[in-house]
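To start, the structure under review is shown below, and the notes come after it.
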Amino acid sequence: MGRALLDWFPEIMTSSAPEPVPPLVHFFCGLLTLADWIGSDRRAFPFESTFRRDYWETARTRAADRVAAIGLAGGSLRLCGAPGWALISDHPSPRPAQQAVGSVPATERLVLLEAETGSGKTEAALWRFATLLAAEEVDALYFAVPTRAAARQLHRRVNTALKRMFDAAPEAVLAVPGQLLAGEAAGRRLPGFEVLWDDTASRPARWAAEHAARYLAAQVAVGTVDQVALGGLRVKYAHLRGSALSRALLVIDEVHASDAYMTEVQLAMVRSHLALGGHAMLMSATLGAAARRRWLSEASADLAADTARPYPAVWTSRGPQAVAPDRDSGKAVHVEAHRGWTGDEAARLALEAADRGARVLVIRNTVIRAQETFAACHAARPDLLLAVEGQPTLHHSRFAAEDRALLDIAVEDAIGKDSPIGGRIVIGTQTLEQSLDLCADLLIADLCPMDVLLQRIGRLHRHRRPRPPGFEAARAIVLCPPDGLDPLTRTAENGLGAYANGPSLSGVYVDVPGLAATLAEIEARPVWKIPAMNRALVEAATHPEALDRIAAAQGWQPYRQRVTGKALAEMGAAGLVLLDRTAPLPRSFPDDERIRTRLGEDGVILTLPEGTRGAFGTPITRLALPAHWSRGLTGEEEVQIDPGPPIRVTVSDRVMVYGPAGLMQELGEQHGA
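Residue numbers for the sequence shown follow full-length UniProt numbering, so the first one is 1 and each next one is one higher.
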């Protein structure tokens with residue numbers, strides 16, 4: 001064996017190893033792991049029972065064939081035409097934000113696109129990918145979004161786009177653990193780590209979809225930001241993920257949606273990716289200057305200077321490039337604060353508008369408040385509600401993934417671009433804020449941070465189309481606590497404010513000064529011109545200078561300090577678990593079980609008995625429980641199902657019901673997100 005190695009690798013005798021600088025060592029570690037995974041695949045490398053001195057030539061041939069077959073060979077992706085706009089879309093010309101991105105030279109490694117919701121950022125990212133691919137700067141694409149639901153929605157769009165861009169289109173891998181999907185083919189896991197695909201095609205590149213650690217080795221993948229974050233943490237397969245990603249354009253959409261911990265982890269991964277010569281594109285409709293500064297390493301500026309920055313804009317190493325106004329996307333939104341936010345009150349407002357023919361979108365901050373609103377509407381006019389398989393329902397996170405897919409389709413049918421005119425009500429939570437192409441006549445939404453509110457408003461009058469009488473102008477009703485915001489600095493309600501968790505704070509939207517700034521803008525400016533006012537609105541409600549001023553005026557400085565301290569603590573927590581690729585390899589990694597891509601408790605995932613049918617009669621396999629329902633559970637417990645309806649789910653000493661309103665505790669709950 002030793003003599004054979006000298007024959008196979010004669011360089012051993014004459015060459016010296018390169019200097020083991022840390023970035024190279026980290027990269028090689030990941031590359032070696034990737035090679036080991038490929039070489040361990042018996043489909044490509046059948047077992048050899050006896051040693052052959054000439055096996056090296058056999059192995060090299062098999063390796064070259066396998067690398068090409070699974071899409072890891074350089075230059076294996078070939079566009080079906082020049083990387084112009086016509087390759088991306090059948091629209092006659094790109095919109096201004098898209099044109100601005102299309103004009104960025106391929107030599108720019110980091111691009112940040114700030115543009116309003118509905119401006120075509122997804123197509124802009126695909127155009128950037130085509131440009132870099134044609135310039136031989138990248139060989140792959142990973143498109144990261146905040147949530148699994150958003151990933152599922154985007155996956156369908158990207159897969160359709162790939163068929164236009166390539167003659168032999170790669171299949172986009174859905175990078176969501178537990179869901180085996182490559183292109184339109186679904187897989188089922190078999191014993192022995194094998195996967196059975198639901199078609200007869202031989203597509204070796206699906207190899208990347210068959211294990212979560214290999215997602216970033218796909219030619220094209222769409223998934224959550226968590227998969228990127230796992231490449232930046234000191235966890236198993238981090239090196240594999242980072243090295244596999246190095247050839248790709250990394251796109252992170254909605255970068256404003258991450259908390260301080262997630263931002264630090266993603267930032268470290270992006271910097272490592274760029275240091276290897278990779279390319280990244282960040283996108284947001286509502287990124288504040290404080291957050292943008294972290295991504296672009298900008299110098300700090302005061303509120304006036306940051307408010308004066310152009311919007312929409314494309315940021316590169318040369319600074320911001322203003323994007324020309326889009327004549328087709330501007331809208332004036334009439335925004336009003338409404339004191340009162342019970343389920344009955346939200347239902348009353350929605351029913352009044354739907355009775356007048358409006359397609360009403362109701363977005364609540366918590367699942368429990370959404371369910372209360374749904375119950376009130378259902379008691380009065382179930383015929384006006386979103387329906388799946390004839391059953392009135394709503395849209396939130398406490399549905400099985402299979403039912404969520406049905407809900408996504410139903411929501412777009414009810415209030416999407418091509419939905420018919422007629423009164424109807426779609427009720428949901430934050431799950432309706434991103435990725436779904438909605439075009440409501442009226443928005444009713446809970447008070448929330450400004451960047452989130454603008455995302456919600458992006459689902460209102462998104463397309464030019466006929467409106468019912470009285471709803472020709474875009475209108476948003478923002479539900480506010482009847483007793484003002486000061487009580488929220490002591491006790492959280494409906495997702496606003498914080499729960500004391502020892503010395504720290506926890507909650508959905510904890511920044512009460514930011515909420516007060518948002519409410520002040522609503523009351524001071526009854527008409528918002530979108531996108532012309534986006535920059536001013538976001539900075540007024542997120543800039544540290546503005547929030548310090550509000551905290552001082554309201555006597556909230558101690559609370560503001562705790563909110564700031566929470567963010568600093570999250571950044572510090574991230575620093576403790578980041579994989580520093582500029583330092584030597586660590587001797588050991590912390591326990592993987594203690595490291596997370598997101599802070600906070602994890603809810604358990606229940607595996608349901610085979611044959612379980614969901615809220616709408618289709619088979620479902622798993623249910624995810626909220627963290628505060630999961631205490632004392634491991635997820636390994638036996639689950640008992642009474643098919644109902646509604647379905648009764650019993651696990652340990654817990655009993656829940658599952659139906660068209662989603663998963664609920666049988667005896668009710670105190671609060672939920």
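Backbone N, C-alpha and C fix where the C-beta goes; we use that ideal spot for every residue, glycine too.
Nothing here was measured: the structure is a model prediction, and the numbers come from that model.
Sequence-distant residues of the same chain with beta carbon closer than 7 Å to residue i, five excluded per side
i, result
"GLY470", "ARG356"
"ARG404", "ALA149"
"SER630", "GLY603, VAL604"
"GLU637", "VAL651, SER652"
"ALA440", "ARG359, VAL360, LEU361, ILE415, ARG459, LEU460"
"GLN179", "ALA401"
"GLU123", "ILE88, SER89, GLN98"
Buried or exposed (CB count within 10 angstroms, at least 16 for buried), residue i
i, result
"ASP451", "buried"
"GLU521", "buried"
"CYS377", "buried"
"PHE166", "buried"
"VAL21", "exposed"
"THR107", "exposed"
"ARG465", "exposed"
"ARG535", "buried"
"LEU133", "buried"
"ALA615", "buried"
"ALA410", "buried"
Closest Cα partner of residue i within the set the options
i, options, result
"ASP90", "ILE368, ARG164, VAL510", "ARG164"
"THR612", "GLU637, ALA583, GLY644, PRO626", "GLY644"
"ASP302", "ARG203, GLY192, PRO544, PRO105", "PRO544"
"GLY507", "ALA524, ARG525, LEU488", "LEU488"
"GLY484", "PRO513, ILE477, ALA624", "PRO513"
"ALA370", "SER16, LEU663, ALA63, PHE27", "LEU663"
"SER272", "ARG293, ALA289, VAL228", "VAL228"
"ARG293", "GLU11, THR542, PRO526, LEU633", "THR542"
"ALA82", "ALA63, ALA130, SER119", "ALA130"
"ILE38", "ALA64, THR14, ALA305", "ALA64"
"GLN554", "LEU579, ALA516, TRP528, PRO526", "ALA516"
"ALA375", "LEU132, PHE399, ALA346", "ALA346"
"PRO660", "TRP556, LEU72, PRO382, LEU438", "PRO382"
"THR373", "ASP344, SER397, HIS396, GLY390", "ASP344"
"GLY278", "SER246, SER297, MET269, GLU298", "SER246"
Boundaries (first-last residue) of the beta strand (DSSP E) holding residue i
i, result
"LYS163", "Run containing LYS163: none in the beta strand (DSSP E); it sits in the alpha helix (DSSP H), 148-165."
"LYS236", "Segment: none, LYS236 is in no beta strand (DSSP E) and carries neither H nor E."
"LEU34", "Segment 22-39 is the alpha helix (DSSP H) holding LEU34; no beta strand (DSSP E) there."
"ASP446", "442-446"
"GLY343", "Counting along the chain, GLY343 falls outside any beta strand (DSSP E), though it belongs to the alpha helix (DSSP H) covering 343-355."
"THR491", "THR491 -> no beta strand (DSSP E), and no H or E assigned at all."
Neighbourhood of residue i by C-beta distance below 6 Å, restricted to the same chain and skipping five residues each side
i, result
"ALA285", "GLU116, THR117"
"GLN670", "Residue placement at GLN670 is flagged as unreliable, the pLDDT there being 38, under the threshold of 50; a coordinate-derived value is accordingly withheld."
"ILE70", "PRO204, ALA205, TRP207"
"GLY288", "VAL538, THR542"
Backbone CA spacing between residue i and residue j [nearest angstrom]
i, j, result
"GLY232", "LEU196", "31 Å"
"PRO481", "VAL362", "16 Å"
"residue 675", "TYR261", "Because the chain spans 1 through 673 in this model, residue 675 falls outside it and cannot be assessed."
"GLU539", "ALA291", "11 Å"
"TYR55", "ARG95", "56 Å"
"VAL323", "GLY120", "13 Å"
"GLN561", "THR393", "41 Å"
"LEU87", "CYS80", "8 Å"
"VAL138", "GLY330", "34 Å"
"PRO312", "ALA474", "21 Å"
"ARG157", "THR491", "42 Å"
"LEU141", "VAL67", "17 Å"
"ALA144", "TRP295", "16 Å"
"residue 716", "ALA583", "Since the displayed the chain opens at 1 and closes at 673, residue 716 lies outside it and no answer follows."
"residue 735", "VAL222", "Nothing can be reported for residue 735, as the shown portion of the chain is limited to 1 through 673."
"PHE47", "LEU576", "42 Å"
Limits of the alpha helix (DSSP H) - the one that residue i falls within
i, result
"LEU385", "Per DSSP, LEU385 belongs to no alpha helix (DSSP H) and is neither H nor E."
"GLY559", "The question names Gly, but residue 559 in the sequence shown is Tyr. Its alpha helix (DSSP H) spans residues 557-577."
"residue 676", "The structure shown has nothing for residue 676, since the chain only spans 1 to 673."
"ILE12", "11-14"
"VAL604", "Unbroken run through VAL604: none, as it is neither H nor E."
"SER272", "260-275"
"VAL452", "450-457"
"THR61", "55-69"
Other residues of its chain near residue i: CB distance less than 8 Å, five sequence neighbours each side excluded
i, result
"PRO146", "THR224, VAL225, ASP253, GLU254, ALA257, SER258, GLN434"
Residue i: CB within 6 Å of a non-hydrogen atom of the ligand ATP
i, result
"GLY178", "As far as ligands go, the structure on display features none, and thus does not contain the ligand ATP."
Residue-level contact to chain C via CB, residue i, 7 Å cutoff
i, result
"LEU296", "Of the chains in the structure shown, none is chain C; there is only one protein chain."
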